[in-house]
Amino acid sequence: MRHRRIDRLMTREVVSVRGDSPFKEVARTLSRHRVTAVPVVDGDDRVVGVVSEGDLLRKTADQAAAPNGMPAVPDLEAWERAKAEGTRAEELMSAPAVCARPDWTVAEAARLMEVQSVKRLVVVDDEDRLVGIVSRRDLLGIYLREDDDIRQEIVDDVLGATLRLEPTALAVEVHDGRVEISGRLPFRGMIPAIERMCAAVDGVVSVSCTRLAYDVDDTEREGGRP
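By the working numbering, the letter at position 159 of the sequence shown is numbered 177, and the numbering carries on one by one without gaps.
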């Protein structure tokens, strides 16, 4: 199946800062370009970290006085305290940066975002040089695919090329990303595979196979044994 690669979805013109960029320069960069985070790169354009609005706001929170005169955030860990006291990008940034490669699929990128609990991935080449950035919003772009495009991929790639089913044996309808398949299969055991593979097609919201009939129920147990 033709999973979309993130190099087709990512932003290529990425604003970045150097490690020695002062705090206020980083703040101005975020404001000027209306972004919430920027990669931090070294002299060879290799990504060494990411600095976000949250990293900058840590200083503001730490400096705010509590009613009793104590620090507003008294229980910061050592690394958090160091960030709060930082004045340059390299002191403020989160490192190492969570990165992806241009040839990754949307599913791979989304999985890494979920595991790392991040809203964006810096995209780097084989030498860790900055080539782009991809956000959650970018990944959601796959759900803007046209229904006809989704249907054609299911018919050609899933049912035809992969499962080797006759094109006339099944009917595929797609409405707003919701896939409904009807027709007749030789074996009932094929249904879960069809559901799973169709669900993996970029842009599919749901899959229904309730209108599928079959000739042989190969999922029945024989003699009470699996």
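Where a beta carbon is used, it is the ideal one built from N, C-alpha and C, also for glycine.
Report yes if the CB atom of residue i is closer than 8 Å to the CB atom of residue j, and no otherwise.
i, j, result
"Arg-169", "Arg-64", "no"
"Ala-115", "Leu-74", "no"
"Arg-163", "Lys-137", "no"
"Glu-108", "Asp-38", "yes"
"Val-133", "Cys-117", "no"
"Asp-236", "Arg-214", "no"
"Ser-112", "Val-68", "yes"
"Glu-184", "Val-219", "no"
"Val-192", "Asp-165", "yes"
"Thr-54", "Glu-31", "no"
Between which two residues does the beta strand (DSSP E) containing residue i stretch?
i, result
"His-193", "188 to 193"
"Val-141", "138 to 142"
Just to confirm my understanding: we take residue i, look at its own chain, exclude 5 residues before and 5 after, and list those with CB closer than 8 Å. What are they?
i, result
"Tyr-161", "Gly-195, Gly-221 and Val-223"
Hey, could you find the ends of the alpha helix (DSSP H) residue i is sitting in?
i, result
"Pro-204", "No alpha helix (DSSP H) contains Pro-204, which is instead part of the beta strand (DSSP E) from 196 to 205."
"Pro-210", "208 to 217"
Near residue i, which residues of its chain fall below 7 Å by C-beta distance, leaving aside the five closest residues on each side in sequence?
i, result
"Thr-47", "Val-33, Val-35 and Val-56"
"Met-28", "Val-141, Gly-150, Ile-151, Val-152 and Asp-156"
Express the C-alpha separation of residue j and residue i in angstroms, rounding to a whole number.
i, j, result
"Thr-123", "Leu-130", "11 Å"
"Glu-103", "Arg-52", "24 Å"
"Ala-179", "Ala-211", "14 Å"
"Val-225", "Lys-42", "50 Å"
"Arg-22", "Ile-209", "25 Å"
"Asp-204", "Leu-188", "Checking the displayed sequence, the identity of residue 204 turns out to be Pro instead of Asp. Roughly 11 Å separates the two Cα atoms."
Looking only at its own chain, which residues have a Cβ that is under 6 Å from the Cβ of residue i, when we skip the five neighbours before and after it?
i, result
"Ala-83", "With a pLDDT of 49 at Ala-83, under the threshold of 50, the modelled position of that residue is not reliable, and the figure given next carries that caveat. Excluding sequence neighbours, Ala-83 sits near nothing in its chain."
Would the C-beta of residue i count as close to the ligand NAP, meaning under 7 Å from any of its heavy atoms?
i, result
"Phe-205", "The model depicted lacks the ligand NAP and carries no ligand whatsoever."
* Are the segment 144 to 164 and the segment 54 to 68 touching by the rule of at least three beta carbon pairs closer than 8 Å? -> yes
* To do: Indicate whether the contact test is met: 3 or more Cβ pairs, each with one atom in the segment 190 to 200 and one in the segment 220 to 240, closer than 8 Å.
  => yes
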